[in-house]
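All residue numbers for the sequence shown refer to the numbering used here, where the first residue is 114 and numbers rise by one.
This report refers to the structure that appears directly beneath it.
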Amino acid sequence: MSAWQWLLDSAGVVLLVVIGYGLLLVVRRRLLSRHGGTFELSARIGARGQQPEAGRGWVLGLGRYRDERLEWFRIFSPSPWPRRSWERANLRITGQREPTGQEAFALYGGHLVVVCSTPKGAVELAMSPSALTGFSSWLESGPPGSDWDRRRAHH
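Encoded structure:
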């Protein structure tokens, strides 16, 4: 086999792998959407126990509300399992801001940075204004019947 044929075969294999990976990501997103609506949600990831440097550490992803949890999936990962998950009862919004400096290039356009507190420390999430409205509503609401269950427990 000549060098140009080997090169052409290699390029064909690489192209098939890239197309296959792209199809896998599309199918994954569809499957994730079947079990609850998904929305664009970036998370700021730092080294364990450390705050990331300014403008660094953002990872693009998808958010999904599932039962009493907000699940976060990396956008380019083929994994069907969430990379991070936060319980509704343990998540509080403590602030929001516009992306600054290099963050504007690392995030989806038009997204706001939302700072949340959790028992494990602060978490920074970035989402669209409409997703933030839904996120705030989800945090403030409880599952159906939860008020009734609490009232019954006190009587």
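By construction, the Cβ of each residue, glycine as well, lies at the ideal position given by its N, Cα and C atoms.
Check your understanding: Is the region 225 to 238 touching the region 199 to 210, taking contact as three or more C-beta pairs under 8 angstroms?
Key -> By the Cβ rule, the region 225 to 238 counts as touching the region 199 to 210, because three or more pairs are nearer than 8 angstroms.
Review point. Does DSSP put Gly176 in a helix, in a strand, or in coil?
Key: In the sequence shown, residue 176 corresponds to position 63, counting from 1. Of the three classes helix, strand and coil, the one that applies to Gly176 here is strand, per DSSP.
Check your understanding: Using 8 angstroms as the threshold, is the region 182 to 201 in touch with the region 216 to 224, meaning 3 or more CB pairs across them?
Key -> As far as the Cβ criterion goes, the region 182 to 201 does not touch the region 216 to 224, which means the pair count is below three.
Check your understanding: Residues in its own chain within less than 7 angstroms of Met114 by CB, not counting five upstream and five downstream?
Key -> Here residue 114 refers to the residue found at position 1 of the sequence shown. Closer than 7 angstroms at Cβ, skipping near neighbours: no residue.
**Study point:** Phe152: first and last residue of the uninterrupted beta strand (DSSP E) it sits in
**Key:** Counted from its first residue, the sequence shown places residue 152 at position 39. Secondary structure note for Phe152: its beta strand (DSSP E) is the uninterrupted segment Thr151 to Glu153.
Check your understanding: In or out: Tyr212 buried (at least 16 other Cβ within 10 Å) or exposed?
Key -> Against the sequence shown, residue 212 aligns to sequence position 99. Before going on, a small fix: residue 212 reads as Pro here, not Tyr. The residue in question, Pro212, is buried, as its Cβ has 16 or more Cβ neighbours within 10 Å.
**Study point:** Element boundaries [beta strand (DSSP E), containing Ala239]
**Key:** For the purposes of this step, residue 239 is taken as the residue at position 126 of the sequence shown. Per DSSP, the continuous beta strand (DSSP E) segment holding Ala239 begins and ends at Gly234 to Met240.
Practice item. Alpha carbon to alpha carbon, how far is Leu238 from Gly247? Give it in angstroms, no decimals. Key: As a first step, residue 247 must be located in the sequence shown, where it is residue number 134. As a first step, residue 238 must be located in the sequence shown, where it is residue number 125. Here the C-alpha atom of Gly247 lies approximately 14 angstroms from the C-alpha atom of Leu238.
Exercise for review: Would you mind listing the alpha helix (DSSP H) stretches within the region 211 to 236 that are 4+ residues and don't spill past its ends, in chain order?
Suggested key: Every unbroken stretch of the alpha helix (DSSP H) spanning 4 or more residues and falling wholly within the region 211 to 236 is given here in chain order: 216 to 219.
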